[in-house]
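Numbering (this note's numbering), first residue to last: 6 to 501.
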């Protein structure tokens with residue numbers, strides 16, 4: 006026999022033990038097949054009322070973003086962060102989204118004074134497609150499935166337009182709130198829907214940003230009549246569809262009111278633990294929103310008007326600038342102009358206010374009067390130096406030296422020095438405006454999408470200008486200040 010050759014024939018004997026072993030293998034394969042096919046045994050889904058922002062149809066079925074509708078790699082990767090799993094796309098995208106979701110969960114737990122809270126339901130984020138693919142009508146859709154008696158929270162994301170971070174954060178927060186509303190075994194009748202309103206999702210995101218120092222406080226500092234733009238009841242009643250369709254100043258008003266409302270709840274005595282209890286019920290609560298809030302936040306047992314005033318006060322609190330926040334170049338120069346005023350009494354006792362260029366009249370006064378004339382400007386300069394644009398601090402120091410010389414009655418080329426300071430300020434102001442214009446140009450030219458909705462932009466700017474120019478009437482504070490101005494002199498008094 007040649008080495009390595011095989012026999013030309015052989016005999017196979019089948020014994021009863023072999024038959025039993027084969028049957029056992031088939032049984033194991035059948036069990037594995039059943040376990041690996043949960044979709045075939047899934048029960049009816051509980052779908053959150055997330056209406057189609059364009060088509061207007063509620064998301065009552067599985068979204069059109071399905072594996073069969075897009076190119077999906079069969080051996081897709083999975084990135085997991087505890088109960089959070091991200092599937093599809095590349096590793097960097099999956100890792101970034103899973104890290105974002107986990108960080109948001111951690112921040113939310115700290116915000117609600119429950120750092121030990123663990124996610125109870127599986128959160129599955131499925132990514133489809135890639136940038137450049139044909140766009141779908143809905144590229145981010147959330148869904149709640151019930152598989153073998155357990156809820157699964159799912160987020161379908163199509164990447165044809167990249168990752169929309171605003172909508173992604175919104176829906177991640179939505180899923181985290183559904184986990185709190187369903188993860189503790191809350192009972193939901195078959196056919197009922199679970200729902201978290203957009204104002205709460207937006208408000209919690211804003212609260213997280215405020216706590217982390219990421220929030221843009223200018224929306225609370227803007228003197229806009231937010232409740233005139235968007236009434237409080239409309240904020241409470243807004244659905245996801247109506248929120249996405251808001252234009253003009255309404256999205257800003259919605260964000261400001263939602264953020265102020267949520268922060269006002271958190272700032273109440275015991276507000277953070279109360280918020281945790283509130284979130285556990287809000288998804289499945291079927292009554293009025295205000296009733297559930299009053300249950301967990303007793304301080305809210307007030308009328309709707311009182312609630313509006315309460316939110317307004319919170320906006321004022323949130324709009325208070327911190328010492329570390331600095332003005333822009335344009336804003337710094339504008340405020341510097343307003344504080345460089347010398348105020349004194351004229352020959353007949355009338356109040357006088359002149360720019361620093363009119364220092365010559367002040368130098369002729371008595372020492373005590375000179376000190377009083379410059380005292381206000383010196384105090385305002387010191388406050389401005391804390392928050393001015395950094396390159397303005399040397400200029401503010403020069404103005405402070407000039408004011409000291411005016412108080413002492415010495416004129417050491419003050420006029421020449423003031424002229425030089427004015428020239429420097431004009432150059433800095435021009436440079437600041439050119440930088441701002443360049444950044445605007447860069448943003449416009451590098452935008453990946455141009456809506457062409459220029460008319461709404463113009464309407465917004467015109468409305469803001471009208472708000473700034475419109476005289477305030479019926480304001481007790483304004484009338485009081487007008488009376489003071491009229492008594493002690495000034496521009497308003499001259500006009501009247």
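Beta carbons: idealized from backbone N, C-alpha and C, even for Gly.
Note that the coordinates shown come from a computational prediction; the quantities given were computed from them, not determined experimentally.
Span separating the alpha-carbon of residue i from that of residue j
| i | j | result |
| --- | --- | --- |
| residue 66 | residue 336 | Any reading at residue 66 must be qualified, since the residue scores a pLDDT of 31, below 50, and its modelled position is unreliable; the value itself is stated next. In a straight line, the C-alpha of residue 66 is about 52 Å away from that of residue 336. |
| residue 241 | residue 101 | 32 Å |
| residue 233 | residue 352 | 48 Å |
| residue 344 | residue 402 | 14 Å |
| residue 205 | residue 467 | 31 Å |
| residue 288 | residue 438 | 48 Å |
| residue 5 | residue 330 | Residue 5 lies beyond the stretch modelled for the chain, which goes from 6 to 501, so this question has no answer here. |
| residue 293 | residue 119 | 26 Å |
| residue 177 | residue 448 | 28 Å |
| residue 193 | residue 290 | 10 Å |
| residue 282 | residue 186 | 10 Å |
| residue 214 | residue 450 | 29 Å |
| residue 222 | residue 304 | 26 Å |
| residue 89 | residue 210 | 19 Å |
| residue 33 | residue 145 | 39 Å |
| residue 83 | residue 95 | 9 Å |
| residue 93 | residue 142 | 20 Å |
| residue 428 | residue 398 | 16 Å |
| residue 123 | residue 172 | 24 Å |
| residue 245 | residue 153 | 29 Å |
| residue 91 | residue 151 | 19 Å |
| residue 247 | residue 170 | 19 Å |
| residue 417 | residue 261 | 51 Å |
| residue 444 | residue 227 | 22 Å |
| residue 332 | residue 446 | 22 Å |
| residue 251 | residue 231 | 14 Å |
| residue 107 | residue 485 | 53 Å |
| residue 298 | residue 442 | 46 Å |
| residue 387 | residue 275 | 39 Å |
| residue 243 | residue 191 | 25 Å |
Spatial neighbours of residue i in its chain, beta-carbon cut-off 8 Å, leaving aside the 5 residues before and after
| i | result |
| --- | --- |
| residue 189 | 125 and 285 |
| residue 139 | 165 |
| residue 104 | 86 |
| residue 414 | 368, 372 and 375 |
| residue 279 | 270, 273, 301 and 302 |
| residue 114 | 120, 121 and 122 |
Residue from the options with nearest C-alpha to residue i
| i | options | result |
| --- | --- | --- |
| residue 277 | 112, 222 and 220 | 112 |
| residue 217 | 290, 281 and 109 | 109 |
| residue 149 | 200, 173 and 435 | 200 |
| residue 220 | 176, 92 and 320 | 320 |
| residue 383 | 365, 393, 395 and 412 | 412 |
| residue 432 | 451, 396 and 132 | 396 |
| residue 225 | 317, 441 and 116 | 317 |
| residue 168 | 339, 132, 236 and 398 | 132 |
| residue 464 | 296, 254 and 485 | 254 |
| residue 136 | 365, 163, 122 and 444 | 163 |
| residue 322 | 357, 266 and 249 | 266 |
| residue 175 | 151, 202, 191 and 198 | 202 |
| residue 407 | 260, 365 and 230 | 365 |
Own chain, CB closer than 6 Å to residue i, minus 5 neighbours either side, in chain order
| i | result |
| --- | --- |
| residue 489 | none |
| residue 359 | 347 |
| residue 183 | 158 and 288 |
| residue 98 | none |
| residue 237 | 313 |
| residue 117 | 277, 280 and 281 |
Nonlocal neighbours in the same chain, by C-beta distance under 7 Å from residue i, ignoring five residues either side
| i | result |
| --- | --- |
| residue 180 | 128, 147, 158 and 160 |
| residue 155 | none |
| residue 338 | 430 and 434 |
| residue 334 | 394, 433, 434 and 437 |
| residue 362 | 423 |
| residue 385 | 344 |
C-beta neighbour in chain D for residue i, strict 8 Å
| i | result |
| --- | --- |
| residue 116 | Reference to chain D is not applicable here, since this structure consists of a single protein chain. |
Nearest-angstrom beta carbon gap, residue j and residue i [assumed within contact, 8 Å]
| i | j | result |
| --- | --- | --- |
| residue 419 | residue 410 | 7 Å |
| residue 400 | residue 434 | With 8 Å as the limit, residue 400 and residue 434 do not qualify as a contact, their Cβ atoms being about 11 Å apart. |
| residue 380 | residue 370 | Contact flag wrong, Cβ pair sits at about 13 Å. |
| residue 264 | residue 208 | 5 Å |
| residue 389 | residue 341 | 7 Å |
| residue 212 | residue 268 | 5 Å |
| residue 229 | residue 259 | That belief does not hold up - the Cβ atoms of residue 229 and residue 259 are roughly 12 Å apart, past 8 Å. |
heavy atom of the ligand SAM below 7 Å from residue i C-beta
| i | result |
| --- | --- |
| residue 276 | This structure lacks the ligand SAM, and indeed carries no ligand of any kind. |
What are the start and end residues of each continuous alpha helix (DSSP H) run of 4 or more residues lying completely inside the segment 283-307, in chain order? Counting only unbroken stretches of 4 or more residues, the alpha helix (DSSP H) elements lying wholly within the segment 283-307 are 294-301, in sequence order.
Mind listing, in chain order, the continuous alpha helix (DSSP H) runs of no fewer than 4 residues lying wholly within the segment 340-387? Listed in chain order, they are 364-368.
Of all the alpha helix (DSSP H) runs that stay within the bounds of the segment 116-195, which reach a length of 4 or more residues? Counting only runs of 4 or more, we get 170-187.
Unbroken beta strand (DSSP E) runs of length 3 or more, entirely within the segment 186-269: which are they? Taken in chain order, the whole beta strand (DSSP E) runs of length 3 or more contained in the segment 186-269 number zero.
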